[in-house]
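S.K.:
There are 2 protein chains.
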Amino acid sequence: MANLLVDERDVQFTLYEQLNVEELCRAEKFSEQSRETFDMVIDAAQKLAENKLWPANADGDRVGVTLESGQAKVPESYHNAYKHFCEDGWMGISVDPEYDGQGLPIALCCAANEFFLAANLAFMAYPGLAVGAARIIQKFGSEEQRSTYMEKMYSGEWGGTMCLTEPQAGSDVGAIRTRAKRNSDGSFSIVGNKVFITGGDHDLTENIVHLVLARIEGAPGGTKGISIFIVPKKTLENGCLVDNDVTTVAVEKKLGLHGSATCALNFGEQDQCKGYLIGEENMGMPIMFHMMNEARLGVALHGLSQASAAYMHSVRYTQERIQGSDFLRIRDPDAPRVPIIEHPDVRRMLMWMKSATEGMRSLIYFVGYCEDLATTASDKTEASKHQGMVDLLIPVCKAWSSDMSFRVTEMAIQIHGGYGYCQEYPIEQFLRDVKITSIYEGTNGIQALDLVGRKLSSNQGALFKTFMEMTEADLARFRKNPRLVRAVANLTQARSKLFETTLHLAQKGMSGELAIPVLYATPYQELFGDVSVGHLLLWQADIADRKLQEIFDKANAHTPESQLEILNQNYDAAFYKGKIVAAEFFCNFTLSLAPGKAQAITNGDISLVEMPNRCFAKT
Amino acid sequence: MANLLVDERDVQFTLYEQLNVEELCRAEKFSEQSRETFDMVIDAAQKLAENKLWPANADGDRVGVTLESGQAKVPESYHNAYKHFCEDGWMGISVDPEYDGQGLPIALCCAANEFFLAANLAFMAYPGLAVGAARIIQKFGSEEQRSTYMEKMYSGEWGGTMCLTEPQAGSDVGAIRTRAKRNSDGSFSIVGNKVFITGGDHDLTENIVHLVLARIEGAPGGTKGISIFIVPKKTLENGCLVDNDVTTVAVEKKLGLHGSATCALNFGEQDQCKGYLIGEENMGMPIMFHMMNEARLGVALHGLSQASAAYMHSVRYTQERIQGSDFLRIRDPDAPRVPIIEHPDVRRMLMWMKSATEGMRSLIYFVGYCEDLATTASDKTEASKHQGMVDLLIPVCKAWSSDMSFRVTEMAIQIHGGYGYCQEYPIEQFLRDVKITSIYEGTNGIQALDLVGRKLSSNQGALFKTFMEMTEADLARFRKNPRLVRAVANLTQARSKLFETTLHLAQKGMSGELAIPVLYATPYQELFGDVSVGHLLLWQADIADRKLQEIFDKANAHTPESQLEILNQNYDAAFYKGKIVAAEFFCNFTLSLAPGKAQAITNGDISLVEMPNRCFAKT
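And the structure:
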């Protein structure tokens, strides 16, 4: 019986049949890798996810994190999962071999992580944050910082966090108040309060390395005066770990992710909290931004993972749940009760989930793959083209995946009916857990401002131009396929609507009517996501269709009946058929809306910005 | 400070300025009522909601229902709320005066209930179910049944439930297995298992009157052989209440509505469970269907209530939460930090919530008002026209309101950022509580089949024809307003797309291509909801615009500056302005999508119905 977390056939299709990631092994950087290693990694990831992480998923949700005498404790079941995760070397799959990692391509890490995240999103916060923080130390830390902290973090011995948010400073990071005072020994004394710190305290590791944004005395205000510090929960003194005056004030009670400790931390309550500057003074934001793409791609993957598990569970459930239907009884009053997957409305919901889920999978892996191409390209122009694609698509990928994954889990509840609303089934937890993805690592509104305000205008629109060129070249290819005519027409139209809309917002921005691009940034970002996903799904359908036709030709199957027989016998054929139908479904239901969405954006009405606040309601 | 549950100004606007519900008082049935009684009712409802029900909302969520020695216990805080609710006579606001009720119009009851439901949706399940069950006994029960059960239920002394669902019979009600065996004394012995019984057991009342669907021995299979029985938890014997062999097997652990007991009940484990037939044998389904409109309007109101509270809390939060923004800093690098309601993207989210929430309010009150008109119309043709509008719009109203209210609560979380994800704020509870509304009382998929399969074809399309005539007549009126041109154009186009789509589905149905109307029923229902809500919002905007112009004219305010001054001084003016902007916003963002939605429906692709199940995924 296949797993109910991730459709591994689709993972393979996306990696090997669409993106051809094994091509990367030709580059020096990945010359030690091969399709065989890739397959082994995915296989092992699936096993660990199913056997060690998934069993702790519902348990972690019910037990939650407790705070006892200032020490946060994770669910008991997480300790075993963490032990296996570290021992099997999963902390280091994306880490450079020179630091004992496996140095796998990012696209491959996406696939492996999708299994882990689908199995237990809350648990994965701990290794995820530790690796992210360690990577900053690797890239920007001193030799001494790397040997003191990074190695222990990559091995899983110590945890890690990113401490940005403060009660008064959420999206507005420049408003942080945490202060750093220079000590005579070169260290800094840190004083301040941080909130919403994922993995801010826990008992999985003996120590936690916090990366803390703070302002050095005398530094400028706003984001320009922010520095980043290593602030360990415990410092090493004479070989012993001693407290560094970091206090866990609270563990938030949340809608979901109950097993992930979201903490409020006080640094320096006793003025005894030591921090160590990473890189230069006042370079906190640029350093953070350097990690932004990776972190945001990670959040997109968080979304995908829950959509994926919700979809797979729904496919299984609809094949097991038996109900009659008035629809079937119209044709035949004695129609037998059937699995609900036979009901058209249920199929429609499943197909919507499938197209959205596989669309975001393709988008995320594609962005990861572009990142891989950027680091392996032989010439600089190529590399910067690939990097540009990553930069452009990252906000789209993060926002679209997190918004749509929530919708997918919502639809999974709908498919499960009353049972979907009950804890007896894992569906409602997927919905609760995934909701945060549209908020953390920059709300989706912030992503939209990044897209419209930075990415579109970057290098005089060069990134967007590359995107348009890529999609045009691909469309020319898809147009040759006579069986995809309708879907291609939908994509062609949607793409030109995206172009018009982009032009419109750019013109308004240049003419100083800034309220318009800002007001319409989020709907624009949604349209951008629709077109990107439509493009990737059609790309997949074009491949699937060619392969399906080959199978039909080989079997000499040229009638609907004989082709149906093949679909029932040959699983690859059925899989390809599913890919084609999913792409057509997405183009029909989502891309059809593009002209309307574009019209709403270019309408340009800003009366809601100009009207007084009290027009909303008296509260 | 105004309440944060329901915008009472909008309630008044909808009732009095849009629908003119006080006109109902001219009819014999409501001759005792007046605008003054209506206002007093709404005012008192608001006070009770805020002071007694709301304080038990978060508490009930945290405490939940417990099952102790076979007895379900509600949160302690509910007892006080229930006492006040009953003592103040709220059980009977919709009940006929001849049964000691207040006999208020349904539109008014919607308004009062919106406050109660917004304050505590889980709590309201108990009185709501009791009244619903009592109304069936009132309408179909014998004189003796009315005096034994109904009166005690209307007073709140006894509770009530509806027992339909069984583990194997959800949407497929005809598959129930609960049996009824005739006893010599005219009663029946009931044996069976029911699940998902709202209020199935609790300790608010000394007794609970279950209305149970069961099959009498020898009755036909399917829905034709179902009868409905009164099965009290306890029967009266010699003036004492004794157990009637009804066992509470489990209380479900759910995503939300923790304070509402969702029970699995066993009837007749000891073969000692007595039931009393209501009406004729095998008439269970027609009797149930008789109550369907009321129950489904109720669920639409459940949805609205949570959207309303989520919206009001969001308006308040965005005025209190201070953050700076890059957008404001583009114009002025030293831009001060402002309440986030000043940020365009936040305003866009608020306006989306406002238009959806006020749209469903108008839709629900309108349907309730049509029901009132149907019962007060002087001639039969008029009455049946109004009743037809109710029948047609009920599934649309239930499905659209429940789907959109979930989206509104989702957006409220987004507006609150990380805080929206935490239990510290009430937002995440609104989201959890409201999710069930798209499932219970017939899933939204079932509503769509009701709309397409029954309502459209009823009386050769007469209901839909009436709807088209009404909207055309109103559009002719709106077209006279030069300031609503663009919104009117959107509605005109969307309405004609709805017409085309309806024709298309009807033709496919008549030509026997049943898979098409069934496959596209849900997207069609969504489009129907969009057009209905667009129509009602534009109707409101037309009124608001006329009144706003009157205010401007009176103040001789003819420049943008002087008009802005009026908006800042005169709250009514600001309110009207908000109504106009909300309608325009809805027409721009939602009705613009109508052509695309219609295209997706009329596309008519059914390959997803025809492909083998395994094309979805291997699980």
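Chains as they are written, first to last, in this note's numbering: chain A, 5 to 623; chain B, 5 to 623.
Glycine is no exception: its CB is placed at the ideal position from the N, C-alpha and C atoms.
Since the model is a prediction, treat every value here as computed from it, not as a measurement.
Would you mind working out which of A:539, A:22, A:525 and A:523 sits nearest residue 493 of chain A, comparing C-alpha positions?
M.R.: Taking only the C-alpha atoms, the option nearest residue 493 of chain A is A:539.
S.K.: Just to confirm, is the Cβ distance from residue 79 of chain B to residue 62 of chain B under 8 Å?
M.R.: Contact: no.
S.K.: Give the interface partners of residue 288 of chain A over in chain B, defined as CB-CB distance under 9 Å, in chain order.
M.R.: Residues of chain B passing the Cβ test: none, with the nearest at roughly 17 Å.
S.K.: Over what stretch of residues does the beta strand (DSSP E) that includes residue 230 of chain A continue unbroken?
M.R.: Its beta strand (DSSP E) spans residues 230-236.
S.K.: Is the beta carbon of residue 297 of chain B less than 8 Å from the beta carbon of residue 398 of chain B?
M.R.: Yes, the Cβ-Cβ distance between residue 297 of chain B and residue 398 of chain B is below 8 Å.
S.K.: In whole angstroms, give me the CA-to-CA distance for residue 144 of chain A and residue 301 of chain A.
M.R.: Between residue 144 of chain A and residue 301 of chain A, the C-alpha separation is close to 21 Å.
S.K.: How would you list, in chain order, the residues of chain A whose beta-carbon sits under 7 Å from the beta-carbon of residue 426 of chain B?
M.R.: The answer, in chain order, is 256, 257 and 258.
S.K.: Is residue 28 of chain B helix, strand or coil when you go by DSSP?
M.R.: Residue 28 of chain B: helix per DSSP, three-state reduction.
S.K.: So residue 364 of chain A and residue 318 of chain A are supposed to be a Cβ contact under 8 Å. How far apart are they, rounded?
M.R.: About 16 Å separates the two Cβ atoms, so there is no contact after all.
S.K.: Which residues mark the beginning and the end of the beta strand (DSSP E) in which residue 569 of chain B is found?
M.R.: First-last for residue 569 of chain B: 564-573, but that is the alpha helix (DSSP H), not the beta strand (DSSP E).
S.K.: Here's the rule I'm using: 16 or more other beta-carbon atoms within 10 Å means buried, otherwise exposed. How should residue 37 of chain B be labelled?
M.R.: Answer is buried; the Cβ neighbour count reaches 16.
S.K.: Which same chain residues end up closer than 6 Å to residue 403 of chain A when comparing Cβ atoms and leaving out the 5 residues on each side of it in sequence?
M.R.: Hits under 6 Å: 448, 451 and 529.
S.K.: Could you check the C-alpha separation between residue 392 of chain A and residue 401 of chain A for me, to the nearest Å?
M.R.: Approximately 14 Å, taken between the alpha carbons.
S.K.: Look at the alpha carbon of residue 5 of chain A and the alpha carbon of residue 596 of chain A, and state the distance between them as a whole number of angstroms.
M.R.: For residue 5 of chain A, the pLDDT reaches just 48, beneath the cut-off of 50, and the residue's location in the model is therefore unreliable, although a value from the coordinates is still provided. Spanning the two alpha carbons is a distance of roughly 37 Å.
S.K.: Put residue 620 of chain B into one of helix, strand or coil per three-state DSSP.
M.R.: Looking at residue 620 of chain B - three-state DSSP - the assignment turns out to be coil, as it is neither helix nor strand.
S.K.: Helix, strand or coil for residue 582 of chain B per DSSP?
M.R.: The answer is helix: DSSP assigns residue 582 of chain B an H, G or I state.
S.K.: Rounded to a whole number of angstroms, what is the C-alpha to C-alpha distance between residue 489 of chain B and residue 366 of chain B?
M.R.: Distance between the alpha carbons of residue 489 of chain B and residue 366 of chain B is about 22 Å.
S.K.: Counting only the same chain and skipping the five closest in sequence on each side, list residues whose C-beta sits under 6 Å from that of residue 578 of chain A.
M.R.: Within the same chain, residue 578 of chain A has close Cβ partners 571.
S.K.: Taking its Cβ as the centre, do 16 or more other Cβ atoms sit within 10 Å of residue 430 of chain B, making it buried, or is it exposed?
M.R.: Burial call: buried.
S.K.: Among the candidates A:395, A:358 and A:376, whose CA atom is the shortest distance from the CA of residue 408 of chain A?
M.R.: Comparing Cα-Cα distances from residue 408 of chain A to each of A:395, A:358 and A:376, the minimum goes to A:358.
S.K.: For the candidate residues B:531, B:372, B:553 and B:292, whose alpha-carbon lies nearest to that of residue 486 of chain B?
M.R.: Of the listed residues, the one whose Cα sits closest to residue 486 of chain B is B:553.
S.K.: Taking only beta-carbon positions, decide if residue 558 of chain A is within less than 8 Å of chain B.
M.R.: Judged by the 8 Å Cβ criterion, residue 558 of chain A is not in contact with chain B.
S.K.: Between the region 585-603 of chain A and chain B, which residues of the former have a C-beta closer than 8 Å to a C-beta of the latter?
M.R.: Listed by position along the chain: 585, 588, 589, 592, 593, 596, 597, 598, 599, 600, 601 and 603.
S.K.: Would you say residue 9 of chain A and residue 111 of chain A are within 8 Å of each other, going by their C-beta atoms?
M.R.: No, Cβ-Cβ distance for residue 9 of chain A and residue 111 of chain A is not below 8 Å.
S.K.: Check the Cβ of residue 293 of chain A against every Cβ in chain B and list those closer than 7 Å, keeping chain order.
M.R.: Residues of chain B passing the Cβ test: none, with the nearest at roughly 13 Å.
S.K.: Please report the distance separating the alpha-carbon of residue 268 of chain B from that of residue 250 of chain B.
M.R.: Cα to Cα, the separation comes out at about 10 Å.
S.K.: Since residue 280 of chain B sits in a beta bridge, which residues does DSSP pair it with?
M.R.: Residue 280 of chain B is bridged to B:234.
S.K.: When the cut-off is 8 Å and only beta carbons count, does residue 174 of chain B lie next to chain A?
M.R.: True, the Cβ-Cβ gap to chain A drops below 8 Å.
S.K.: Spell out the partners DSSP gives residue 193 of chain A in its beta bridges.
M.R.: Bridge partners of residue 193 of chain A: A:185 and A:278.
S.K.: Near residue 253 of chain A, what residues of its chain come up, given a Cβ to Cβ distance below 8 Å and the 5 sequence neighbours on each side ignored?
M.R.: Cβ neighbours of residue 253 of chain A beyond the five flanking positions: 197, 267, 268, 269 and 270.
S.K.: Return yes when the Cβ of residue 356 of chain A is within less than 8 Å of the Cβ of residue 316 of chain A, no when it is not.
M.R.: No, the Cβ-Cβ distance between residue 316 of chain A and residue 356 of chain A is not below 8 Å.
S.K.: Which term fits residue 70 of chain A, buried or exposed, when burial requires 16 or more other beta carbons within 10 angstroms of its beta carbon?
M.R.: Answer is exposed; the Cβ neighbour count stays below 16.
S.K.: Residue 170 of chain B to residue 426 of chain A, Cα distance in whole Å?
M.R.: Cα-Cα distance, rounded: 15 Å.
S.K.: Please confirm if residue 624 of chain B has its CB atom under 8 Å from at least one CB of chain A.
M.R.: Summary: the structure shown does not reach residue 624 of chain B, with chain B confined to residues 5 through 623, and so no result is reported for it.
S.K.: Which residue from A:562, A:88 and A:28 puts its Cα closest to that of residue 52 of chain A?
M.R.: Answer by Cα proximity: A:88.
S.K.: Might you give, ordered along the chain, the residues of its own chain that have their beta carbon closer than 8 Å to the beta carbon of residue 481 of chain A, omitting 5 neighbours on each side?
M.R.: Same-chain partners within the cutoff: 546.
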